[in-house]
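Colleague: In the UniProt record's numbering, the protein residues as written are 1 to 287. Quick one: this structure, given as structure tokens, is what I'll be asking you about.
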Ligand SMILES: [Zn+2]
Ligand SMILES: [Zn+2]
């Protein structure tokens, strides 16, 4: 099957920047809420130029043994999250939440299930297990709140909606008395790619802006802005859902570009789309 969503080149690059500490610190957290601040601190911390990872450390899951290294790259995070303190935001008994090494938007996280019975499956198959699906939806929802908080941290200084709140904060108004600011949660999307090119199941938690210098190719944009991106909320998919069809999904990747915000059509003019996304980002963040 064609697996056009993510780039081999991205992953070659990913494994070369992945930090691999010789003295791994303790896991960041086992439960989400009380450690949220640590997750933010991690999001805020600068990405170190780390040593090349040692691929021989990896013991691939039996059924995934034949994978090329980039394709199986997510397994390291599942098996050894403590070795990636700069990328891992949260570890729960069920999932590992990481920052995408090649963010295609202002905030871009990946939620990885830890269960070996599920992590090697295509999402269509894994999500047939309704108990597993419910767990992933719940953990993705809390990951989205982390992503929204990070988006707010980066963008609220520019936000008209948050202006009164920012001013009150500067004036020393107690936290509980602050006026509400912009809610960034609706700007966070949760979904999977119809044909994921990385072998291990991962859910994208991504801000909608598509503003990133990592957004370099047509398929990068269309894989998040057509039906190729399937919201996790839409699972379980009906058997006859057209999004299951490979031909439908391949066509999505070569579709005309449509701006996520104003719906303007850009044909196949990627450079023009990129300039437009820049303008949209500037006005979106001022909302
Ligand atoms: Zn993906
Ligand atoms: Zn637009």
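All C-beta atoms in this analysis are idealised placements derived from N, C-alpha and C, irrespective of residue type, glycine included.
1. Less than 7 Å between the CB of residue 217 and some heavy atom of ligand 1, yes or no?
2. What did DSSP end up calling residue 109 once you bin it into helix, strand or coil?
3. Buried or exposed, going by whether 16 or more other CB atoms sit within 10 Å of the CB of residue 34?
4. Any heavy atom of ligand 2 within a distance shorter than 7 Å of the CB on residue 272?
5. My parser needs the alpha helix (DSSP H) runs of 4 or more residues fully inside the UniProt domain "Aprataxin C2HE/C2H2/C2HC zinc finger" (225-282); what are they?
6. Given a cut-off of 8 Å on the beta-carbon distance, is the pair residue 199 and residue 71 in contact?
7. Given 7 Å as the limit, tell me if residue 202 has its C-beta closer than that to any heavy atom belonging to ligand 1.
8. Output needed for residue 284: all residues of its chain with C-beta closer than 7 Å, excluding positions within five of it in sequence on either side, in chain order.
9. Out of curiosity, what's the CA-to-CA distance linking residue 231 and residue 154?
10. Is the CB-CB distance between residue 249 and residue 228 below 8 Å?
11. Looking only at its own chain, which residues have a Cβ that is under 7 Å from the Cβ of residue 168, when we skip the five neighbours before and after it?
Modeller: Taking the geometry as given:
1. Position 217 of the chain shown, counting from 1, holds the residue named residue 217. No, Cβ of residue 217 sits at least 7 Å from all heavy atoms of ligand 1.
2. Reading the chain shown from its first residue, position 109 is the one you call residue 109. Residue 109 falls in the strand class under three-state DSSP.
3. Start at 1 with the first residue of the chain shown, and residue 34 comes out as number 34. Unreliable placement is indicated for residue 34, whose pLDDT of 41 sits below 50; no coordinate value is reported for it.
4. Position 272 of the chain shown holds residue 272. Incorrect: residue 272 has no Cβ contact closer than 7 Å to ligand 2.
5. 246-253
6. In the chain shown, the residue the question calls residue 199 occupies position 199. In the chain shown, the residue the question calls residue 71 occupies position 71. Yes, the pair counts as a contact, with Cβ atoms nearer than the cut-off.
7. The sequence position of residue 202 within the chain shown is 202, counting from 1. Indeed, a heavy atom of ligand 1 lies less than 7 Å from the Cβ.
8. Working through the chain shown from its first residue, we reach residue 284 at position 284. Taken in chain order, the residues that qualify are 209, 261.
9. Sequence index remark: in the chain shown, residue 231 carries index 231 (1-based). Sequence index remark: in the chain shown, residue 154 carries index 154 (1-based). In a straight line, the C-alpha of residue 231 is about 25 Å away from that of residue 154.
10. For the purposes of this step, residue 249 is taken as residue 249 along the chain shown, with counting starting at 1. For the purposes of this step, residue 228 is taken as residue 228 along the chain shown, with counting starting at 1. Yes, these two residues count as a Cβ contact at 8 Å.
11. On the chain shown, residue 168 is found 168 positions in, with the first residue counted as 1. If we look at residue 168 and ignore the five residues flanking it on each side, its Cβ neighbours are 178, 179.
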